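S.K.: Just so you know, the sequences run in chain order C and U. To convert, note that position 448 of the first sequence is 448 in the numbering used here; the numbers rise steadily by one, no gaps. To convert, note that position 108 of the second sequence is 1108 in the numbering used here; the numbers rise steadily by one, no gaps. Note that the Cβ used here is the ideal one computed from N, Cα and C, for glycine as well. All figures in this text were calculated on a predicted structure; none of them were measured in a lab.
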Amino acid sequence: MQQRRTIDQIHTNRVLLNGQLDTPKWWAPTVITLGIIVAIGFFMIGIMVNKGLGVTGLSRPVYWGLFITTFVFWVGISHAGIMISAILRLSQAEWRRPVTRAAELLTVFSLLTALLFPLMHAGRPWRIVYYILPYDFARGIMPNIRSPLIWDPVAISTYLTGSTLFLYIALLPDLGNLRDRTQGWQKALYTVLALGWRGNPRQWKLQTVGGILLSALMLPIFVSVHSIVSWDFAVTPAVEGWHSTIFAPYFVIGAVHSGVSAVVTMMALMRWLWKWEDFIRPEHFDALARLLIVVATGWLAFTFLELIFAVYGLDAPELELRDLQIFQWPWNILFVTFVFTGYIIPVGMWLQKSVRNNIALMFWSSIFVNIGMWLERFLIIVPGLARKTPFVYTWEAYRPSGLEWFILFWSLAWVTFLMLLFSRFFPLVPLFEQKESQTFGDSIKIGRVRVPAIVREAD
Amino acid sequence: MSKSVLGLYDDPNQAADAMDALKEAGFAQGTFDVLTGTPYPEGAFGEHVPQHRLFRYPAFGAIIGFTLALFLTTATSIAYPLVTGGKPILSVFAMLVILYEMSMLSAVISTVVGIVIESRLPNVNPGVYDARITEGMIGVVITTEDDQADSAIAALNGAGAMEIKQA
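1) Buried or exposed: where does U:A1154 fall if 16 or more other Cβ atoms within 10 Å of its Cβ makes it buried?
2) Any idea what DSSP makes of C:M1, helix, strand or coil?
3) What did DSSP end up calling U:G1043 once you bin it into helix, strand or coil?
4) Identify every run of the alpha helix (DSSP H) within the segment 10-37 of chain C, keeping only runs that are complete inside it and at least 4 residues long; order them along the chain.
5) Can you find a C-beta in chain C that's less than 8 Å from the C-beta of U:I1164?
6) Identify every residue that forms a DSSP beta bridge with C:A453.
7) Indicate the three-state DSSP secondary structure (helix, strand or coil) for C:E376 in the structure shown.
8) Could you please give the first and the last residue of the uninterrupted alpha helix (DSSP H) stretch that includes U:G1061?
9) For U:Q1166, name the three-state secondary structure that DSSP assigns.
10) Mapping the DSSP letters down to three states, classify C:T303 as helix, strand or coil.
11) With a cut-off of 8 Å, do at least 3 Cβ pairs link the segment 1133-1151 of chain U to the segment 1027-1043 of chain U?
12) Looking at C:Q434 and C:R97, is the spacing between their C-beta atoms short of 8 Å?
13) Beta carbon of C:D8, beta carbon of U:G1139: below 8 Å?
14) Go ahead and pull the three-state DSSP assignment for U:L1008.
15) Taking the alpha-carbon positions, what's the U:M1069 to U:S1103 distance?
16) Express the C-alpha separation of C:P125 and C:E306 in angstroms, rounding to a whole number.
17) For a contact meaning CB atoms closer than 7 Å, what does C:I221 contact in chain U?
18) Going by beta-carbon coordinates alone, are C:R101 and C:V429 separated by less than 8 Å?
19) What are the residues that DSSP puts in a beta bridge with U:E1145?
20) Hey, is the segment 281-300 of chain C in contact with the segment 314-331 of chain C, meaning 3+ C-beta pairs nearer than 8 Å?
21) Of all the residues that make up the segment 81-111 of chain C, which are near chain U by a beta-carbon distance shorter than 8 Å?
22) If we define contact as Cβ-Cβ less than 8 Å, is U:T1134 a contact residue for chain C?
23) So what does DSSP say about U:I1138, is it helix, strand or coil?
24) Taking the straight line between their C-alpha atoms, what separation do you get for C:M1 and U:E1047?
25) Identify the continuous alpha helix (DSSP H) that holds U:F1093 and give its terminal residues.
26) Rounded to a whole number of angstroms, what is the C-alpha to C-alpha distance between C:A413 and C:H257?
27) Closest to C:I407 by CA distance: which of C:T23, C:F71, C:A28 is it?
28) So, helix, strand or coil for C:L160, using DSSP?
29) When you compare only the Cα positions, how much space is there between C:S401 and C:M44?
30) If you measure between the beta carbons of C:S78 and C:L111, is that distance less than 8 Å?
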C-alpha cells in the first residue's frame, strides 16, 4: 500500500460522487453517440427479426456462428464480477476496494447482453416463450426441462438475479450517502432506494456478514454458469471439437481470464475519465496483472490439454478438425492471432514490472486478451461445424455478414452505454469501502522507515 | 411522547465517551445507538454487539428452492413423458442442474431478504439524522421520553458534542 495517501471523507465524497453530483462534460456527448449506435443496432436486430436469419452468414452446416460466439464471450466477461468481488472479499484482499463495484456491474450488464444473443440467434425470439411456458396446455406438452438448452437460461438467470441483488446490497451505504448529498427528485429517489439506511453497527455488521455470505453463495453459481454454457457444446457428441470432458473447467478459467482483463480495461477508463488517480492506483493494476499471469497460465494449460486429449486418440475426424483449426487458411491466421493476443503478448508484458505499473500498457494488454478470448470461442464453435463430413452436402466456410459484425460491435457500445448511464446515478467505486480503508489505515515505524499499513480485525 | 436526540462528534473517542455517559445516566441498551459513515471495528464505541440470525436464511431458502425444483422437473417430465435415448423419464442427472440452480437462486434471494430484515430495513421512520455523518462525523442517537431528554442532552454535551439535534 505504498501509493496510498490519507484522504478525508469529504474529499472522498466529492471526488467519487462527481459522476452523480457534477456530471463531467464528456458524459452527455458520449452517451448520445453511444445511444445512436445502440438505436441503430436495435433497428438492425429488428430487420433481422423481420427478414429472418437469411440476412446473416449462417447456413448449413454452420448454424452456430457469431451470435453464439459473442454470447459465450459476454458470459465469460461476466465472470469478472464474482471472481474479483467474491474471492477478494472472502480473502479480505485490501486492493479489492476500488474494483468490486465495477466488476459486479460488468457482470450484470454483460450477462444482460449475453442473454440477448440466443434470443437474436433464435430468429423468431417470441417462440422462446415455449421454453418457459407449456407449449399447449390442451395437449399437456410441457417444456423439456431435461434439455441442456433449458439448463443454460436457468443458470444464467440465477447468476443474473444473484449478481443484481449482490450489487444492490453493496450499494445501500452509498445510496444513503447520495441521499445525504442531493436535493429534490434525486433525494426522493435515493431515499427510497436506500431503504432508510443510517449506518448503525447492526447495519454495518449485516453489510459485512451478508457480503461474505453472498460471496460464498455466488462462487459456486459462478463456477456452474460457464460449466453449463460449456455443456451446450460438450454434450453434443456429433461435433468434433465440442465433445470434450474438460470443457467445464476450461471454459471457467477462460472466462476468468477474459473477465478480469475486462475489469482492467474498465479500471483504466475509470481512472482516466473520472480522474480517480487517488483511488485507482498503479498498485491495483500491478496486483491484477500478477493475478492474471497465474490465471492466463492455468488457462493455457487447459488449452493444450484440450488439444492433447483431442489428438491422443488418433481419431481421424478429430485429427482432420485440428488440422483445419490450426493449419488451414483462414483458421490458421485466426489461431496464431488467438495464441499471441490471448497469452504470449499480454503475459509477456505483465512479466515486466514497468508494464504492470503503466496504466496505458495495462489497458492495451487487457484489450489484447479479449480479442484473443473472443477468437478462442470462435475457433471452438465454428470449425467443428464447418468441417467437411460424410453426410453433409455443403461445407463452405462460414462468413459472418456485415449485419452480424455490426451487432457484435453494437454489443460493446450497448454495455458501455449501460455502464455510463449507471455512472450518472450511482457511484462506480464503493465509497464506504474507501473510507473504511482510510479508517483502518495507519503507518508503523520499522527500524528507520515508516511503512503505511492496514489494520484488520482478527476475525 | 418520545423524542429523538442526536449528538455529533468528529472524534471516535468522544463518541465512545458519549455512549458511556448515556449508560451511566441510566438509559437502557437498545435505546441509544451510534451512526457512522463507514464501518468501525465491533465494540469501538462500547456499543452492544448486535446479534443476528442471517445464517438461517440461505439454508431455509435452499430447501424451498430444491423442493420447488424437484416438483418442477418431476411434474413436467411426467406430464409429457418423452423418452430420450432410452433413458428413464425421471432422469436424475438431467434434473440435477435445475435442482442445483434453483436451490442456489432461492438461497441467494432469501439471504438478501435476510440482510434487509436483520438490518431492520426498510426503515420508514428513521428519526433524527444529520447528513454530515456520511462526511465523517459520528452521531450518537437516543430515543427517550420527553422528560428524560434533558438528561440525555447533558450526557451527550458532557462528552463534547459539536452539535445537538432533536426531533
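M.R.: Straight from the coordinates:
1) What you label residue 1154 of chain U is simply residue 154 of the second sequence in a count that begins at 1. When all chains shown are included, U:A1154 counts as exposed.
2) One-based indexing of the first sequence puts residue 1 of chain C at position 1. Low local confidence applies: a pLDDT of 45 at C:M1 is under 50, so the model's placement there is unreliable, and no value is given.
3) Position 43 of the second sequence, counted from the first residue, corresponds to residue 1043 of chain U. DSSP places U:G1043 in coil when its eight states are reduced to three.
4) 18-21
5) Within the second sequence, the letter at position 164 stands for residue 1164 of chain U. So no, U:I1164 is outside the interface.
6) Mapped onto the first sequence, residue 453 of chain C falls at position 453. In the DSSP output, where bridge partners are listed per residue, C:A453 has C:D442.
7) Taking the first sequence and counting its residues from 1, one reaches residue 376 of chain C at position 376. Helix.
8) Here residue 1061 of chain U refers to the residue found at position 61 of the second sequence. That run of the alpha helix (DSSP H) goes 1056-1079.
9) Position 166 of the second sequence, counted from the start, is the residue given in the question as residue 1166 of chain U. Strand.
10) Mapped onto the first sequence, residue 303 of chain C falls at position 303. DSSP places C:T303 in helix when its eight states are reduced to three.
11) yes
12) Along the first sequence, read from residue 1 onward, the residue named residue 97 of chain C stands at position 97. Along the first sequence, read from residue 1 onward, the residue named residue 434 of chain C stands at position 434. Their beta carbons are under 8 Å apart, which means C:R97 touches C:Q434 by this criterion.
13) Taking the first sequence and counting its residues from 1, the one referred to as residue 8 of chain C is at position 8. Taking the second sequence and counting its residues from 1, the one referred to as residue 1139 of chain U is at position 139. No.
14) For the purposes of this step, residue 1008 of chain U is identified with residue 8 of the second sequence, where counting begins at 1. Three-state result, U:L1008: strand.
15) In the second sequence, the residue the question calls residue 1069 of chain U occupies position 69. In the second sequence, the residue the question calls residue 1103 of chain U occupies position 103. Before going further, note that residue 1069 of chain U is Ala rather than Met in the sequence given. Spanning the two alpha carbons is a distance of roughly 7 Å.
16) Indexing the first sequence from 1 puts residue 306 of chain C at position 306. Indexing the first sequence from 1 puts residue 125 of chain C at position 125. Between C:E306 and C:P125, the C-alpha separation is close to 34 Å.
17) Start at 1 with the first residue of the first sequence, and residue 221 of chain C comes out as number 221. Here the neighbours are M1104.
18) Against the first sequence, residue 101 of chain C aligns to sequence position 101. Against the first sequence, residue 429 of chain C aligns to sequence position 429. In this structure, C:V429 lies closer than 8 Å to C:R101 by Cβ.
19) Locating residue 1145 of chain U in the second sequence gives position 145, counting from the first residue. U:E1145 is bridged to U:S1002.
20) no
21) none
22) Here residue 1134 of chain U refers to the residue found at position 134 of the second sequence. Taking Cβ atoms only, chain C reaches closer than 8 Å to U:T1134, which makes this a yes.
23) Working through the second sequence from its first residue, we reach residue 1138 of chain U at position 138. DSSP places U:I1138 in strand when its eight states are reduced to three.
24) Within the first sequence, residue 1 of chain C is the residue found at index 1, counting from 1. Within the second sequence, residue 1047 of chain U is the residue found at index 47, counting from 1. At C:M1 the pLDDT is 45, less than 50, meaning the model places this residue with poor confidence; the figure from the coordinates comes in the next sentence. Cα-Cα distance, rounded: 31 Å.
25) Here residue 1093 of chain U refers to the residue found at position 93 when the second sequence is read from its first residue. U:F1093 -> alpha helix (DSSP H) spans 1092-1118.
26) Looking up residue 413 of chain C in the first sequence gives position 413. Looking up residue 257 of chain C in the first sequence gives position 257. Approximately 21 Å between the Cα atoms of the pair.
27) Numbered from its first residue, the first sequence carries residue 407 of chain C at position 407. Among C:T23, C:F71, C:A28, the Cα nearest to that of C:I407 belongs to C:F71.
28) Locating residue 160 of chain C in the first sequence gives position 160, counting from the first residue. It is helical.
29) Here residue 401 of chain C is taken as the residue at index 401 of the first sequence, counted from 1. Here residue 44 of chain C is taken as the residue at index 44 of the first sequence, counted from 1. Computed Cα separation, rounded: 12 Å.
30) On the first sequence, position 78 is the one that residue 78 of chain C refers to. On the first sequence, position 111 is the one that residue 111 of chain C refers to. It is a contact, given that the beta carbons lie within the stated cut-off.
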